[in-house]
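*Asks:*
Residue numbers (the numbering used here): 587 to 853.
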(Lines of atoms letter the chains of each structure in order from A and count residues from 1; the text may use other names and numbers.)
(Lines give C-alpha, C1' and ligand atoms only; values in the text may rest on other atoms or scores of the structure.)
Protein backbone atom coordinates (compact mmCIF):
# COMPACT_ATOMS: atom_id res chain seq x y z
CA UNK A 1 0.00 0.00 0.00
CA UNK A 2 2.81 2.43 0.88
CA UNK A 3 4.45 1.74 -2.46
CA UNK A 4 1.16 2.41 -4.23
CA UNK A 5 0.54 5.86 -2.72
CA UNK A 6 4.11 6.97 -3.51
CA UNK A 7 3.96 5.59 -7.05
CA UNK A 8 4.07 7.87 -10.07
CA UNK A 9 0.56 8.83 -11.29
CA UNK A 10 -1.16 7.24 -8.27
CA UNK A 11 -3.17 10.46 -7.82
CA UNK A 12 -6.61 10.76 -9.44
CA UNK A 13 -5.66 14.26 -10.66
CA UNK A 14 -3.91 14.80 -13.98
CA UNK A 15 -3.49 18.33 -15.31
CA UNK A 16 -3.62 19.43 -18.92
CA UNK A 17 0.13 19.47 -19.62
CA UNK A 18 1.37 16.45 -21.60
CA UNK A 19 2.95 13.85 -19.35
CA UNK A 20 6.65 12.99 -19.73
CA UNK A 21 6.95 15.26 -22.76
CA UNK A 22 10.21 16.91 -21.65
CA UNK A 23 11.65 14.36 -19.23
CA UNK A 24 11.18 10.66 -18.52
CA UNK A 25 11.54 11.38 -14.79
CA UNK A 26 9.18 14.38 -14.54
CA UNK A 27 5.50 13.84 -15.34
CA UNK A 28 4.57 17.52 -15.83
CA UNK A 29 7.73 19.45 -16.55
CA UNK A 30 6.50 23.06 -16.69
CA UNK A 31 4.01 22.56 -13.86
CA UNK A 32 6.95 21.35 -11.79
CA UNK A 33 9.46 24.04 -12.74
CA UNK A 34 7.02 26.94 -12.34
CA UNK A 35 7.04 26.31 -8.58
CA UNK A 36 10.58 27.73 -8.57
CA UNK A 37 8.93 31.16 -8.23
CA UNK A 38 7.92 30.28 -4.67
CA UNK A 39 11.62 29.90 -3.82
CA UNK A 40 12.31 33.39 -5.23
CA UNK A 41 9.33 35.31 -3.86
CA UNK A 42 9.28 33.80 -0.35
CA UNK A 43 12.78 34.98 0.71
CA UNK A 44 12.05 38.42 -0.76
CA UNK A 45 8.86 38.74 1.29
CA UNK A 46 10.60 37.43 4.42
CA UNK A 47 13.16 40.20 4.05
CA UNK A 48 10.69 42.97 3.17
CA UNK A 49 8.26 42.18 5.99
CA UNK A 50 10.90 41.60 8.66
CA UNK A 51 10.69 45.09 10.29
CA UNK A 52 6.91 44.68 10.63
CA UNK A 53 7.20 41.08 11.90
CA UNK A 54 9.91 42.10 14.38
CA UNK A 55 7.64 44.77 15.84
CA UNK A 56 4.42 42.75 15.68
CA UNK A 57 5.24 39.04 16.03
CA UNK A 58 8.06 36.98 14.52
CA UNK A 59 5.58 34.11 14.10
CA UNK A 60 4.38 36.02 11.03
CA UNK A 61 7.50 34.78 9.25
CA UNK A 62 6.01 31.27 9.43
CA UNK A 63 3.59 32.21 6.64
CA UNK A 64 6.37 32.74 4.10
CA UNK A 65 8.57 29.97 5.45
CA UNK A 66 5.67 27.61 4.86
CA UNK A 67 5.10 29.08 1.39
CA UNK A 68 8.52 27.64 0.52
CA UNK A 69 7.14 24.22 1.47
CA UNK A 70 4.06 24.89 -0.68
CA UNK A 71 6.38 25.35 -3.65
CA UNK A 72 8.44 22.28 -2.71
CA UNK A 73 5.46 19.96 -2.25
CA UNK A 74 3.70 21.30 -5.35
CA UNK A 75 6.85 20.62 -7.39
CA UNK A 76 7.00 17.08 -5.98
CA UNK A 77 3.33 16.50 -6.79
CA UNK A 78 3.62 17.63 -10.40
CA UNK A 79 6.89 15.76 -10.84
CA UNK A 80 5.27 12.47 -9.77
CA UNK A 81 1.48 12.96 -9.77
CA UNK A 82 1.54 10.65 -6.76
CA UNK A 83 -1.19 10.45 -4.13
CA UNK A 84 1.30 11.43 -1.41
CA UNK A 85 2.40 14.39 -3.52
CA UNK A 86 -1.21 15.51 -3.90
CA UNK A 87 -1.81 15.29 -0.14
CA UNK A 88 1.39 17.18 0.71
CA UNK A 89 0.53 19.86 -1.85
CA UNK A 90 -3.01 20.40 -0.56
CA UNK A 91 -2.17 20.13 3.14
CA UNK A 92 0.70 22.61 2.89
CA UNK A 93 -1.76 25.18 1.52
CA UNK A 94 -4.17 24.39 4.34
CA UNK A 95 -1.47 24.97 6.96
CA UNK A 96 -0.38 28.27 5.37
CA UNK A 97 -3.98 29.49 5.56
CA UNK A 98 -4.25 28.25 9.15
CA UNK A 99 -1.09 30.08 10.23
CA UNK A 100 -2.31 33.22 8.47
CA UNK A 101 -5.58 32.86 10.38
CA UNK A 102 -3.75 32.53 13.69
CA UNK A 103 -1.52 35.59 13.31
CA UNK A 104 -3.69 37.97 11.25
CA UNK A 105 -7.36 37.30 11.90
CA UNK A 106 -8.76 40.55 13.43
CA UNK A 107 -9.51 40.26 17.13
CA UNK A 108 -12.76 42.19 16.77
CA UNK A 109 -14.08 39.37 14.58
CA UNK A 110 -13.29 36.61 17.10
CA UNK A 111 -16.29 34.51 18.21
CA UNK A 112 -17.83 35.93 21.37
CA UNK A 113 -16.64 33.01 23.52
CA UNK A 114 -12.97 33.68 22.62
CA UNK A 115 -11.22 36.49 24.49
CA UNK A 116 -7.61 36.37 23.28
CA UNK A 117 -5.49 35.38 20.26
CA UNK A 118 -3.85 32.48 22.10
CA UNK A 119 -7.20 30.73 22.59
CA UNK A 120 -8.23 31.53 19.02
CA UNK A 121 -4.95 30.08 17.68
CA UNK A 122 -5.45 26.87 19.67
CA UNK A 123 -8.95 26.50 18.19
CA UNK A 124 -7.65 27.03 14.64
CA UNK A 125 -4.82 24.57 15.31
CA UNK A 126 -7.30 21.95 16.53
CA UNK A 127 -9.52 22.39 13.45
CA UNK A 128 -6.49 22.17 11.15
CA UNK A 129 -5.17 19.01 12.79
CA UNK A 130 -8.63 17.38 12.55
CA UNK A 131 -8.87 18.39 8.86
CA UNK A 132 -5.36 17.04 8.22
CA UNK A 133 -6.10 13.66 9.81
CA UNK A 134 -9.49 13.49 8.07
CA UNK A 135 -7.83 14.13 4.70
CA UNK A 136 -5.98 10.83 4.87
CA UNK A 137 -9.28 9.03 5.50
CA UNK A 138 -11.34 11.12 3.09
CA UNK A 139 -9.17 13.35 0.84
CA UNK A 140 -12.10 15.63 -0.07
CA UNK A 141 -12.17 16.85 3.56
CA UNK A 142 -9.13 19.00 2.82
CA UNK A 143 -10.95 20.76 -0.02
CA UNK A 144 -13.79 21.69 2.34
CA UNK A 145 -11.33 23.01 4.94
CA UNK A 146 -9.45 25.05 2.32
CA UNK A 147 -12.66 26.60 1.02
CA UNK A 148 -13.90 27.43 4.53
CA UNK A 149 -10.65 29.12 5.54
CA UNK A 150 -10.18 30.91 2.22
CA UNK A 151 -13.73 32.18 1.69
CA UNK A 152 -14.11 33.34 5.30
CA UNK A 153 -10.79 35.21 5.09
CA UNK A 154 -11.95 36.90 1.85
CA UNK A 155 -15.21 37.93 3.52
CA UNK A 156 -13.42 39.46 6.53
CA UNK A 157 -10.97 41.23 4.23
CA UNK A 158 -13.85 42.70 2.22
CA UNK A 159 -15.48 43.94 5.44
CA UNK A 160 -12.25 45.58 6.56
CA UNK A 161 -11.61 47.25 3.20
CA UNK A 162 -15.04 48.93 3.28
CA UNK A 163 -13.81 50.98 6.24
CA UNK A 164 -10.44 51.77 4.65
CA UNK A 165 -9.71 55.25 3.27
CA UNK A 166 -5.99 54.79 2.52
CA UNK A 167 -5.65 55.07 -1.27
CA UNK A 168 -2.51 52.92 -1.39
CA UNK A 169 -4.28 50.15 0.53
CA UNK A 170 -7.33 50.38 -1.74
CA UNK A 171 -5.11 50.19 -4.81
CA UNK A 172 -3.32 47.18 -3.34
CA UNK A 173 -6.70 45.53 -2.70
CA UNK A 174 -7.69 46.05 -6.35
CA UNK A 175 -4.35 44.67 -7.53
CA UNK A 176 -4.72 41.62 -5.27
CA UNK A 177 -8.24 40.94 -6.52
CA UNK A 178 -7.25 41.34 -10.18
CA UNK A 179 -4.31 38.98 -9.75
CA UNK A 180 -6.48 36.44 -7.92
CA UNK A 181 -9.18 36.52 -10.62
CA UNK A 182 -6.53 36.07 -13.33
CA UNK A 183 -4.88 33.22 -11.40
CA UNK A 184 -8.11 31.33 -10.66
CA UNK A 185 -9.19 31.78 -14.30
CA UNK A 186 -6.01 30.01 -15.39
CA UNK A 187 -6.63 27.18 -12.89
CA UNK A 188 -10.26 26.69 -13.94
CA UNK A 189 -9.52 26.91 -17.64
CA UNK A 190 -6.71 24.34 -17.40
CA UNK A 191 -8.94 22.03 -15.34
CA UNK A 192 -12.17 22.23 -17.33
CA UNK A 193 -11.20 23.41 -20.85
CA UNK A 194 -8.22 21.18 -21.45
CA UNK A 195 -9.39 19.91 -24.84
CA UNK A 196 -9.57 23.48 -26.16
CA UNK A 197 -6.04 24.32 -25.00
CA UNK A 198 -4.72 21.07 -26.43
CA UNK A 199 -6.12 22.09 -29.81
CA UNK A 200 -4.36 25.45 -29.37
CA UNK A 201 -1.18 23.54 -28.44
CA UNK A 202 -0.93 25.58 -25.22
CA UNK A 203 -1.25 23.38 -22.14
CA UNK A 204 0.61 25.54 -19.64
CA UNK A 205 -2.11 27.48 -17.84
CA UNK A 206 -1.56 25.57 -14.59
CA UNK A 207 2.11 26.56 -14.56
CA UNK A 208 1.03 30.18 -15.11
CA UNK A 209 -1.35 29.71 -12.15
CA UNK A 210 1.64 28.83 -9.94
CA UNK A 211 3.41 32.06 -10.87
CA UNK A 212 0.32 34.23 -10.53
CA UNK A 213 -0.77 32.75 -7.19
CA UNK A 214 2.70 33.30 -5.72
CA UNK A 215 2.55 36.96 -6.75
CA UNK A 216 -1.05 37.20 -5.51
CA UNK A 217 0.01 35.80 -2.13
CA UNK A 218 2.68 38.51 -1.85
CA UNK A 219 0.12 41.24 -2.50
CA UNK A 220 -2.77 39.87 -0.45
CA UNK A 221 -0.67 38.90 2.58
CA UNK A 222 0.86 42.38 2.68
CA UNK A 223 -2.62 43.92 2.54
CA UNK A 224 -3.77 41.70 5.42
CA UNK A 225 -0.59 42.52 7.35
CA UNK A 226 -1.20 46.25 6.80
CA UNK A 227 -4.73 45.98 8.23
CA UNK A 228 -3.30 44.01 11.16
CA UNK A 229 -0.55 46.59 11.76
CA UNK A 230 -3.06 49.44 11.89
CA UNK A 231 -5.09 47.51 14.43
CA UNK A 232 -2.40 45.90 16.60
CA UNK A 233 0.56 48.31 16.42
CA UNK A 234 -0.96 51.67 15.39
CA UNK A 235 1.79 53.55 17.25
CA UNK A 236 4.24 52.40 14.54
CA UNK A 237 2.36 54.47 11.91
CA UNK A 238 2.45 51.71 9.24
CA UNK A 239 2.54 52.59 5.56
CA UNK A 240 2.73 50.74 2.25
CA UNK A 241 5.56 50.83 -0.28
CA UNK A 242 6.67 48.79 -3.29
CA UNK A 243 9.99 47.09 -3.93
CA UNK A 244 12.23 47.67 -5.84
CA UNK A 245 10.87 51.18 -6.54
CA UNK A 246 7.89 52.73 -4.79
CA UNK A 247 7.24 55.16 -7.66
CA UNK A 248 6.42 52.27 -10.00
CA UNK A 249 3.56 50.92 -7.83
CA UNK A 250 4.40 47.65 -9.54
CA UNK A 251 6.51 45.11 -7.69
CA UNK A 252 6.36 43.54 -4.27
CA UNK A 253 4.40 45.49 -1.65
CA UNK A 254 5.68 45.72 1.91
CA UNK A 255 5.05 47.61 5.15
CA UNK A 256 7.17 50.49 6.42
CA UNK A 257 7.03 51.62 10.04
CA UNK A 258 7.64 55.27 10.83
CA UNK A 259 8.21 54.54 14.52
CA UNK A 260 9.31 51.30 16.11
CA UNK A 261 8.40 51.55 19.78
CA UNK A 262 5.55 52.63 22.01
CA UNK A 263 7.96 54.89 23.88
CA UNK A 264 8.69 56.95 20.77
CA UNK A 265 4.99 57.39 20.15
CA UNK A 266 4.30 58.51 23.71
CA UNK A 267 7.10 61.07 23.59
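Beta carbons: idealized from backbone N, C-alpha and C, even for Gly.
Report yes or no: do the segment 589 to 598 and the segment 666 to 683 share at least 3 C-beta pairs separated by less than 8 Å?
*Replies:* yes
*Asks:* Rounded to whole angstroms, how far is the Cβ of residue 653 from the Cβ of residue 681, which I believe are closer than 8 Å?
*Replies:* No, residue 653 and residue 681 are not in contact; Cβ-Cβ is about 10 Å, not under 8 Å.
*Asks:* Exposed or buried, which one is residue 672 when buried takes at least 16 other CB atoms within 10 Å?
*Replies:* Residue 672 is buried by the Cβ-count criterion.
*Asks:* Note down, one range per segment and in chain order, each alpha helix (DSSP H) of at least 4 residues found wholly within the segment 695 to 746.
*Replies:* 703 to 723
*Asks:* Do you know offhand how far residue 632's Cα is from residue 802's?
*Replies:* Their Cα atoms are separated by approximately 15 Å.
*Asks:* Does residue 743 pass the burial test, meaning 16 or more other C-beta atoms within 10 Å, or should it be called exposed?
*Replies:* By the 10 Å Cβ count, residue 743 comes out buried.
*Asks:* Please determine, among 685, 784, 805, 630, the residue with the shortest C-alpha to C-alpha distance to residue 732.
*Replies:* Measuring from the Cα of residue 732, the nearest candidate turns out to be 685.
*Asks:* Find the nearest neighbour of residue 607 within the set 790, 704, 623, judged by alpha-carbon distance.
*Replies:* 790
*Asks:* Taking the alpha-carbon positions, what's the residue 756 to residue 611 distance?
*Replies:* 45 Å
*Asks:* Please state if the CB of residue 693 and the CB of residue 819 are separated by a distance shorter than 9 Å.
*Replies:* no
*Asks:* Can you tell me whether residue 691 is helix, strand or coil according to DSSP?
*Replies:* coil
*Asks:* If we count the other Cβ atoms within 10 Å of its Cβ and call it buried at 16 or more, is residue 850 buried or exposed?
*Replies:* Note that residue 850 scores 47 on pLDDT, short of 50, meaning its location in the model is unreliable and no value can be drawn from it.
*Asks:* Can you grab the Cα-Cα spacing for the pair residue 828 / residue 630, in whole Å?
*Replies:* 12 Å
*Asks:* Anyone know if the C-beta pair for residue 838 and residue 627 falls short of 9 Å?
*Replies:* yes
*Asks:* In chain order, what residues of the same chain lie with their CB nearer than 7 Å to the CB of residue 710, ignoring the 5 residues before and after it?
*Replies:* 684, 687, 688
*Asks:* Using DSSP with H/G/I as helix, E/B as strand and the rest coil, what is residue 601?
*Replies:* Reduced to three states, the DSSP call for residue 601 is coil.
*Asks:* Looking at the strands, I want to know which residues DSSP matches up with residue 827.
*Replies:* 840
*Asks:* Tell me whether the beta-carbon of residue 603 lies closer than 9 Å to the beta-carbon of residue 616.
*Replies:* yes
*Asks:* From residue 664 to residue 772, what does the alpha carbon distance come to, in whole angstroms?
*Replies:* Straight across, the Cα-Cα distance linking residue 664 with residue 772 is about 16 Å.
*Asks:* For residue 695, does the count of other Cβ atoms within 10 angstroms reach 16, so buried, or fall short, so exposed?
*Replies:* exposed
*Asks:* Do residue 796 and residue 758 have their CB atoms nearer than 9 Å?
*Replies:* no
*Asks:* Give the straight-line distance between the Cα atoms of residue 747 and residue 714, rounded to the nearest whole angstrom.
*Replies:* 27 Å
*Asks:* Assign residue 728 to one of two classes, buried (16 or more other C-beta atoms within 10 Å of its C-beta) or exposed (fewer than that).
*Replies:* So residue 728 counts as buried.
*Asks:* Smallest Cα separation from residue 835: which of 754, 648, 660?
*Replies:* 754
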